[in-house]
Amino acid sequence: MADFYYQVDKEKQAYHIDDASQQILMYLYSNRESMSEKIIEAVSTYSKSDISMRLNEVLGDEEAGLITHPDPRQTTFSNSNQPTYYELTKEGENFVKNNKSNLSMPDDFNEIKNKIKILQGDITSIQDSMHRIDTNELNEQLSEFVERLDSIQDHISNYE
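The numbers in this note's numbering rise by one with no breaks, and the one at position 141 of the sequence shown is 141.
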């Protein structure tokens with residue numbers, strides 16, 4: 001996908017939103033909030049240091065302002081090392097909404113997208129088979145199943 005340049009205002013520099021940064025933004029857009037470790041797993045074609053640099057030095061509060069750290073998690077005596085969480089800012093959400101179709105997807109999203117295409121073929125096949133069945137009870141069960149599949153397909157299409 002194409003790289004973007006995001007400028008907060010005319011007085012600040014424009015931030016380079018490259019492929020890895022786009023994948024981070026799309027991952028956070030779909031998950032609303034995530035630990036840094038989960039983001040690193042999702043954007044697996046890049047190193048941990050590459051992802052950390054983008055989270056903290058490019059996309060973060062002090063830079064482009066597209067992501068932020070939500071309130072720190074409460075610590076307990078048994079677990080004082082809490083993971084770092086990130087989420088999109090309002091500006092980050094708007095950036096993703098306005099550019100969603102042009103942004104790179106994390107690797108696991110591409111796998112899901114391919115599986116969705118296969119499932120869409122299966123859904124069409126099931127729908128075609130359903131129309132040929134004359135039994136009322138089976139027809140009702142298949143209708144319920146197709147409705148559930150359509151609901152899942154609608155939910156998943158938000159990630160395409």
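We put the CB at the ideal spot given by N, CA and C, even for glycine.
Since this is a predicted model, take the numbers as computed values, not measurements.
Please classify P34: is it buried, with 16 or more other beta-carbons within 10 angstroms of its beta-carbon, or exposed? It should be pointed out that residue 34 corresponds to Ser in this sequence rather than to Pro. Buried.
Nearest to K100 by alpha carbon, out of Q7, E11, Y29, Y15? Checking every option, the nearest Cα to that of K100 belongs to Y29.
Rank S129, L59, A42, L142 by C-alpha distance to the C-alpha of E93 and give the top, closest one. Comparing Cα positions, the closest option is L59.
May I have the straight-line CA-CA distance separating K12 from S21, to the nearest angstrom? Annotation: K12 to S21 spans about 19 angstroms, alpha carbon to alpha carbon.
Can you check whether the CB of Y6 is closer than 8 angstroms to the CB of I39? No, they are not a contact pair.
Cβ neighbour criterion (16 or more within 10 Å) applied to I118: I118 counts as exposed, since fewer than 16 other C-beta atoms from the protein chains shown sit within 10 angstroms of its C-beta.
Residue from K97, S44, E37, E62 whose Cα sits closest to the Cα of Y15: The option with the nearest alpha carbon to Y15 is E62.
I need the straight-line Cα distance from L142 to D150, nearest angstrom please. Approximately 12 angstroms, taken between the alpha carbons.
Going by beta carbon distance, what residues of the same chain come within less than 7 angstroms of T89, once the five residues before and after it are set aside? Within the same chain, T89 has close Cβ partners G65, L66, I67, T68.
Closest by CA to Q153, which one among I123, E140, S129? Of all alpha-carbon atoms in I123, E140, S129, the one lying nearest the alpha-carbon of Q153 is that of I123.
Given a cut-off of 8 angstroms, decide if L103 and M53 are closer than it, judged by their beta-carbon atoms. When the beta-carbon positions are compared, M53 and L103 stay at least 8 angstroms from each other.
Integer Cβ distance of V146 from I116, believed to fall under 8 angstroms: Cβ-Cβ separation between V146 and I116: approximately 16 angstroms, too far for a contact (criterion under 8 angstroms).
Quick check on DSSP: helix, strand or coil for M105? In the three-state scheme derived from DSSP, where H, G and I count as helix and E and B as strand, M105 is classed as coil.
Kindly indicate the opening and closing residues of the beta strand (DSSP E) around H155. No beta strand (DSSP E) contains H155, which is instead part of the alpha helix (DSSP H) from 136-157.
Range covered by the alpha helix (DSSP H) that runs through L88: DSSP places L88 in no alpha helix (DSSP H) but in the uninterrupted beta strand (DSSP E) bounded by 85-88.
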